[in-house]
Structures are given as structure tokens and as C-alpha cells.
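Worksheet for the structure shown next.
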Amino acid sequence: MVFIVINNNYYLALLQQRQMSNVSTSIDSTRRCPAMNELLTFEQRKLARIERIKLYQTLCQFYYNLKCFYDEFYMCLCTIEQYANCFHFDRQISFACTENVRCLNDGKCLQDHPLCPFSIICDCIDCFFGDQCQFYGKGVGLTLDDIIRYEIKPYKSINEQSNLIKLSIFFTIFLFTISGINSAFLILTFKNQNARQVGCGIYLLSTSLTSLSAVIMLLIKFWFVLLTHINPSIDRLTLLIGCISIEPLLKLFLWMSHWLNACVSIERVVSSSQAIEFNKSNSKRNAKRIIICLPIIIVSLNLYEIISRNLYDDDEEKRTWCALNYSYGLYIYITSLALVHIVTPFLINIYSAIYIIYSIARRKAKIRTTEIRFQHIKKELSQRKDLILSPIISVMLTLPHLVISLLLRCLKANENTWLYLLSYFISFVPPNLTFFIYILPSPLFRKEYVKAYRALFRQNRSE
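If you use the UniProt record's numbering, the sequence shown corresponds to residues 1 to 463, in order.
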């Protein structure tokens, strides 16, 4: 017999009728062992103990699906014949280790025998996991490894994996398709020199490449994690190379996409504030410099994570994990860095939307003094939709990932996994909708796209 205690509730995990070396079981509400007081009526609970015990046989017959129940001294199992088979059950037994030399980060050490333990496990506190509680799972900065590592079943085919894994396969393929379409449209729009007369065009063309690269790395990352966990026998060198290289490259391209979109918003703010004094040559020159410097800055700031990534053997799970091994101070730094790359572009997009509306309305209010400023703002909202809609849509798409990451305190196995996975995939959406966010709402860029599309269509017809 195997009983499991979850939140002070007892569950009959296994009742083995014959000796078996390997067993598999699942826990659900039907396996819960209720307390005797939950089953007896108020009048029955007031009876003397010897009288109450006589009623135990009737409980299994009255509650047909009941598997087990317990009182202060006994655990009772309901037999196939619907009778109660009771035995002494010590619910106060302690499994705590005499010395906690194995579990890290305040994990509770448990052993199966007080003197000569055969098995020792660690009961981790919130946010920590691993056979020694050595790994930390926090909302901001979680990787795909952290989210799905316990959802993957080793030595099982794709069809035998959980619904979460199958849904992840769909999301990665869907994102890759959307990213390919988005990049193709952006390249078609900005391949003409006329569309790259200012920095915005250069930023948006670069975004088409970085966003597609980010999704390609996501696809590689997902299948690498999935296949290496399904088949743990893959050689260690391959695991180490994938562990060190894939995640940093994924973050590089994703964060570059966020910053390039923010650069578009900054460029529009500068253009709106300078009006006719806006220098297109300086804009193009600055855009090229930023695109060169941006990956160097991101890699430099993220160098600590690259160095700290390594493989760790989990003796309990019999698996090898790719994880970060760092101090609490380094964790604060990496989390803060992830927040900077998410929150700062988010705030820039909000600021640009507000500033563009206000600055143009203020300028026109000085010329047309007969109208109040609110009327000018209202007019600008209707006339400058392309400058306003782009940052607002970008903010709305970034917000769910930010909110979910900050509100959910930390990741636990099988707890809030769906939300974390959804939040993780949502973070790839804004960069891969650049064409729909920035090109279609803009009359200038939309005109360039239509012109390029017609030229391509005529070229294909002539061939």
C-alpha cells in the first residue's frame, strides 16, 4: 500500500494485489481517503467510540465508490465485497532526516527509515525544484526548459506526450508560419530604397530578420528540449553545446526585436518633435549604428548567464537538466535584466503614443487659437491613427506576458504551467506582427508595400 499526503489530505496511491517490480498510478479525487467525521452524521459522531466503530462496516456499503477512510487510530480500506478492512495507522510518524546534508535552499530532508534509510528525498519550498532543491523557477526570465521539463515523458513517443506538449508543438509551428509571412511582407516592403529613406525603414527591415531568427531559435530550442528529454541517452557534449548556445541566441534575437520596435517609436517621437527640421540622413546613420551596437550591448550584459549555464544530473529523476547555477545576487541581476528588456521598450511605446498626440495637438493649438487643445487632440486621434495605433497595439500585445510573469509568483510542477507557457509564447507575438502593427496602419509604408507587391506580381506574370 502507498498513501500520499497532499495538503493534509490522504490519498490511496497504490494497493498492490501481487508483487510487481514496476508500477504506475495516478492521483485524483476518487482516491482520497476522507476522515471518518466527514462520513458519519452529526448524531453518529456523538456516539461513544466503541459504538462508532461498529458503523465502519456500513460506510463502505453506503458510499459505493469509497476506497478508504481513517480516524484517530485506524486507516480502513474498502474491500471488493464492500467491507471495511481496518489496521493501525500512525499519522504522526516523522520522516525528517536526522541531519540535513543533502537538501539546499531550506529544502526539507525526508528519509524512509529513521536509522538506516534506503531512500532520501528533498521537499522543496516555493519556487525551488530539483532533487536537491538546487533550481529556481521565477515568473520573469523563465526559460522553456523550466516550464515544460516535468511535462515531458521520457522514452515516450510524441503521441504519448501530454496535451501541453502537443499544444506547444502547435504553437511553435504556428508562430513560425506567422513569422515567415511577417518577414516576407516586411522584406518586400523595404527592399525598395525609397522605403528606407529614414531610420524607421531600416529598423523595421532589421526587425523582420531578428523576429524570424528568434522564432527559428524557439523552434530549435523546443525540439532540442523535447527530443533530449524523450531520449536521455543523447551524448553529454551535444547537450552541453545546446544548453550553452541556444537560449542566449534566442534571447538575443527576441530582445533585439523588442528594442528595434522601441527604436521605431523613438524615431517617430523625434520626427514629430522636430517636424520640418528632421534630418533624414542623420536618422539613417544613427539607425545603422544602433543596429550594430545593439547585439554587442545585449550579449555583453547577458554574459553572466552564458557563463553560468551548465548541465546538472538529477539522480532522483534519472535525467540531465540544463539550468543556471548562480547566487541570489546574480539571480536578481538576471531577473532585472530581463525586466529591462521587456519593460523599457513597453514604456517607450506608451510614452511615444502619448507624446505624439500631445505634441502635434499643442503645435496646432498655437496656430488655431479659436479651438481648445482637447479639440486638437481629438482631431489628431482621428487623423494620425498610424502613429498612434502602432505603439498602442504593441503595448497591448506585450502586456499579457508582463502581467502573467509578475503576478504569478513562481513556477511549480504542474501548477500554473498552462499560464506560464501561454505567457512565454505571447512574448514572441509582438515582434512577429510588425507588418500588421507598423506597415498596414501607415499610409506611406502601405503605399510602398502595394507598389512592391504589384511590381512582383507583374514580374511573375511576365515570366
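Where is the CB? At the ideal position from N, CA and C, for every residue including glycine.
CB residue i to CB residue j, shorter than 8 Å?
i: residue 465; j: L397; result: There is simply no residue 465 to check, as the chain begins at 1 and stops at 463 in what is shown.
i: C200; j: V264; result: yes
i: F224; j: I246; result: yes
i: T25; j: T207; result: no
i: L218; j: L250; result: yes
i: F62; j: M75; result: no
i: G107; j: I125; result: yes
i: M122; j: C133; result: Checking the sequence, you will find Cys at residue 122 rather than Met. Contact: yes.
i: N302; j: L337; result: yes
i: V270; j: Y355; result: no
i: S211; j: N349; result: no
i: E160; j: K153; result: yes
i: I120; j: C97; result: yes
Based on Cα-Cα distance, which residue from the options lies nearest to residue i?
i: I148; options: N286, W418 and S427; result: W418
i: L227; options: E43, K251, S213 and I169; result: I169
i: P345; options: S21, A262 and L324; result: A262
i: N194; options: F69, R446, I6 and Y331; result: R446
i: R102; options: L399, D314 and K318; result: D314
i: L142; options: R461, P248, Q459 and L347; result: P248
i: Y312; options: V198, I202 and D131; result: D131
i: L456; options: L188, I276 and R196; result: L188
i: K221; options: V340, F425 and Y331; result: F425
i: C293; options: M256, E277 and Q274; result: M256
i: S272; options: Y358, R18 and S157; result: Y358
i: N105; options: S308, R91, C127 and F118; result: C127
i: S162; options: P443, D112 and I230; result: I230
i: A35; options: R18, M20, V5 and T335; result: V5
i: V198; options: L444, L164 and R454; result: L444
i: L260; options: F171, T335, M20 and H341; result: H341
i: T30; options: Y64, R18, K288 and S21; result: Y64
If I measure Cβ to Cβ from residue i and keep anything under 7 Å in the same chain, skipping five residues before and after, which residues do I get?
i: Q44; result: R52 and L55
i: L204; result: L186, F190, V264, T434 and Y438
i: Y83; result: Q57 and C60
i: S179; result: S211, L212, V215 and N432
i: F118; result: D112
When you compare only the Cα positions, how much space is there between residue i and residue j?
i: S283; j: I266; result: 11 Å
i: S352; j: I437; result: 15 Å
i: P295; j: P232; result: 34 Å
i: G329; j: Y304; result: 12 Å
i: Y333; j: F3; result: 42 Å
i: F73; j: Y155; result: 42 Å
i: F253; j: L324; result: 20 Å
i: V343; j: I291; result: 20 Å
i: D28; j: I393; result: 42 Å
i: F95; j: S300; result: 47 Å
i: R32; j: I173; result: 40 Å
i: residue 465; j: K280; result: Any property of residue 465 remains undetermined from this structure, which presents the chain solely from 1 to 463.
i: R458; j: R319; result: 57 Å
i: F69; j: Y11; result: 9 Å
i: L66; j: N37; result: 14 Å
i: H258; j: P114; result: 55 Å
i: L421; j: L144; result: 8 Å
i: I50; j: L40; result: 14 Å
i: C78; j: G242; result: 52 Å
i: R309; j: L339; result: 20 Å
i: E81; j: N9; result: 25 Å
i: N460; j: R454; result: 10 Å
i: C109; j: D71; result: 28 Å
i: L347; j: S157; result: 44 Å
Within its chain, find whatever has a CB closer than 8 Å to the CB of residue i; leave out the 5 residues flanking it on each side and keep chain order.
i: N192; result: E448, K451 and A452
i: V23; result: L14 and Q16
i: I234; result: L227 and T228
i: R236; result: L311 and T320
i: R196; result: F190, I202, L205 and K284
Which same chain residues, not among the five before or five after residue i, have their C-beta less than 6 Å away from its C-beta?
i: L175; result: V215 and F428
i: F135; result: F129 and A323
i: S183; result: S208 and L212
i: M1; result: L15
i: A48; result: none
- Item | Contained alpha helix (DSSP H) runs [length at least 4] in the region 272-355, N- to C-terminal order | 280-301 and 303-308
- Segments assigned alpha helix (DSSP H), at least 4 residues, entirely inside the region 121-196: Within the region 121-196, the complete alpha helix (DSSP H) segments at least 4 residues long are 144-148 and 163-190, listed from N- to C-terminus.
- Query: What are the uninterrupted segments assigned as alpha helix (DSSP H) that are 4 or more residues long and contained completely in the region 225-279, given in chain order?
  - Reply: 236-274
- Message: My parser needs the beta strand (DSSP E) runs of 3 or more residues fully inside the region 52-93; what are they?
- Response: You should have 68-70, 74-78 and 84-88.
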